[in-house]
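Shown next, in structure tokens, is the structure this report addresses.
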Amino acid sequence: MTLSLSRRKRTVDTVLSLPSAAEEISRLAHRLRCDIPSARRKVRRCLTELAAGDGTYTERFGDRLGRLLVRGWEVDSDDGARDLIRRLVTTGTVAFLPNHRAYADPLYLSRVLRRWDLPRNIWFAGDNLSRLPLVSALARRAGVVFLRRAVSGYDHAYRVGLHLYLTHLISTGRPLEWYLEGSRSRSGLMRPPKYGLLECLLEAASRASGRPVWVVPVSLTHAPLPGAAALADEAEGVRKRGEGVRWARGYVREQRRTRGTVHVRFGTPVRAGDYLASSHGRPSAVHALGRDVRQAIGHATPLTPLPLLSFVLLHGAGSHTATGIQRALTPLLDAVERWDLPRTALDTLRTREGVRTQLHSLCAAGGATEVPGAEEPVEPVFRGRRHLTAMYQNQCLHWFWPRAAAEVVAVRASRSPAATTWRSMVRDLRGVLRLVSCGSGIEADPLLLHLAVAELRHLVGPALRDGRARDVRKAIASSGLVLAPQALGTAALSLLAVLLKIQPNSSGPGIVLDLMPAIAVRPVEVPPQARADILLDMRRQGLRNPAAVRAEIRCALALMTDLEELQHLRDLPCTEGGTGGGAHVSAS
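For the sequence shown, UniProt numbering begins at 1 and goes up steadily by one.
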């Protein structure tokens, strides 16, 4: 312990000797109206709280402990990114920003980086994990920085200490790692970013001389998701269990008992300094960087079998069989290949045995229940399990938004063919994507819009080119793939729930209740966390004007009406053969 404190003291002394430290402390003393020695002592205490060690033996022990904890998990990585990541780590300072789903996420990324012979990351974690005495002491020595979950706006000394410590870490070149969302997602969708640490990184990068600072987005996709049942309970309002010794013992047992795969993918790296150079102010630079990072995480997230299977199960009715599910998955799998989306192991869903294997995995995770004594049927996803199944679906749901948005715009075009132009349809596409992405953490970025435009052209291009816009409905029904009611229904309902909370006197609730059964969306699929994330996004966008809120309500209600019409199209038989509901699993 003495050695650890000695190393921490040396680190604090090194940070306080930085050229920028004296100026920062002087400004702090002026702001707090105290003398410089007092301000320096305040910053020193904060740095002592933040400073992490770099003990070699502790790192080795941590590696062995980590391997023991996740030994049942296969970590699948994109080795094509190895040379690029290695070059960035060698020539600059890299900050890895993954999405966050499980407590063990740092161990999965660490396994990939160690496999590539890269140095261990300095990992920033919430101070709720520092309540475990032995674990927190070992973690500090191994390079874990515990951050306060809540920092008062008046705690200027802590902010100064964090800025200085990040400046020091950048100068050492050690890779950094933290989670842009701040905490684990309970809905499966990415959460809106937390900008505090990102702002500190840009501040420190502006002072760094010689070493470029790179931000590397990282996508983590789990199959199955560790601790999914507890996350689903918390999404329904169950109070989160505190991180204590008893909790840690139970988590280790569950982690060692669970077997699965984690897919680690790296997004396109961005240089932090470029945002400072191209932005008119630091706040806009921070927001632009956060937006680009979460978009890159979404682009890097591959489609995997479990989310695709959950998508079909969640919106089916009645009992399901492996044969029926395989039949429903076929048009989806064909579409994914046509869209050329990032994917892994989806070919297993083209066989009956592959579907049965994934069904067993979902049943083991608690997302579905097998019927006792039956070989094939799987019970429908019950109310108590819908959150859990939706979490798997939502990991990759954003890849279905372009096709779903194209269906909505195509239906609108069929109603008023005389007023329809290609430019107006593209404008509508952008509006639909903006609506459904609110609060999801994945904004309507150019890639999703590009995919939506291509899908719209594929869907209705011939009819519009020949001046037969009224035939668009027939084209949609005969396509054998109608995704909008499933892919957009929950997002539209979530948005309306928040808008009507902001402006409760609107006439929307009755219309929503009328439309919900038609688009097969249940209120239980809208977890409280998702509504809170939408509200946070709206506040950041400045949506406070009552007139603007009313306009958003009208747009959301129009979207619900479009989804109802598409639901009817999906349920109608096609004259061209087959059924309009190619992705629909009907009751047996």
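For glycine and all other residues, C-beta sits at the position ideal for the given N, C-alpha and C.
Just so we're clear, the structure is a prediction, and the values are computed from it rather than from any experiment.
What are the start and end residues of the beta strand (DSSP E) that includes residue i?
i	result
D76	W73 to S77
Where does residue i sit, in a helix, a strand or coil, going by DSSP?
i	result
A29	helix
A405	helix
G510	Only weak support exists for where G510 lies, its pLDDT of 46 falling under 50; the value from the coordinates is given anyway. Residue state, collapsed to three classes: helix.
H299	helix
R239	coil
R211	coil
V15	helix
R343	strand
N394	helix
L109	helix
W116	coil
P269	coil
T330	helix
V453	helix
V160	helix
V524	Note that V524 scores a pLDDT of 43, beneath 50, so its modelled location is shaky and nothing firm can be said.
S416	coil
L202	helix
L569	helix
G244	coil
D537	helix
D233	helix
Y103	coil
Y195	coil
S183	coil
Using only CA atoms, which one of the options lies nearest to residue i?
i	options	result
R131	R148, R120 and G143	R148
R86	V216, H398 and A22	V216
M560	A404, I534, A104 and H387	A404
P37	S26, L47, E564 and R31	S26
Y392	L459, T258, L313 and A204	L313
D533	R8, D79, V135 and P192	P192
T351	N128, D340, A365 and I325	I325
Can you name the start and end residues of the alpha helix (DSSP H) that residue i belongs to?
i	result
R265	Careful: R265 lies outside any alpha helix (DSSP H), inside the beta strand (DSSP E) at G260 to F266.
L189	Unbroken run through L189: none, as it is neither H nor E.
D274	A272 to S278
D428	W422 to S437
T90	R82 to T91
P485	A484 to I502
S361	R352 to A365
F311	P305 to L314
V70	Segment: none, V70 is in no alpha helix (DSSP H) and carries neither H nor E.
S38	I36 to L50
A475	V472 to S478
DSSP puts residue i in a beta bridge; with which residues?
i	result
V177	The question names Val, yet the displayed sequence has Glu at residue 177. DSSP, once it has assigned bridges, lists F96 and W123 as partnering E177.
V216	F96
R550	DSSP lists no partner for R550.
L147	G126
A223	T261
R141	BP columns for R141 are empty, so no partner.
Note down, in chain order, each residue of its chain lying with its Cβ closer than 6 Å to the Cβ of residue i, except the 5 sequence neighbours on either side.
i	result
Y275	A285, A288 and L289
residue 632	Shown here, the chain extends from 1 to 588; a query on residue 632 therefore has no answer.
E552	L499
W116	R82
T268	A296
H222	R101 and V262
K9	none
R7	G53
A51	R8, T11 and V12
Take residue i and list the residues in its own chain whose beta-carbon comes closer than 8 Å to its own, dropping the five residues that flank it on each side.
i	result
L202	A272, Y275, L276, R282, A285, V286 and L289
L109	F96, P98, N121, E177, V218, L220 and V264
T344	D76, H263, P302, L303 and T304
L433	W401, P402, A405, A444, L448, L449 and A452
G92	G173, R211, P212, V213 and W214
Y251	Y103 and G227
D78	V264, R265 and F266
Short of 7 Å in beta carbon distance, which residues of its chain neighbour residue i, apart from the five on each side in sequence? Order them along the chain.
i	result
V426	V453
P156	Per the sequence shown, the amino acid found at residue 156 is His instead of Pro. Counting only Cβ-Cβ distances below 7 Å, and skipping sequence neighbours, we find L28, R31 and L32.
D35	A29
D445	Q295
H100	Y179, E181, S183, R184 and S185
A487	L397, F400, W401 and A404
A410	L456, L459, V460, V472 and I476
A556	L435, A492, L495, L496 and L499
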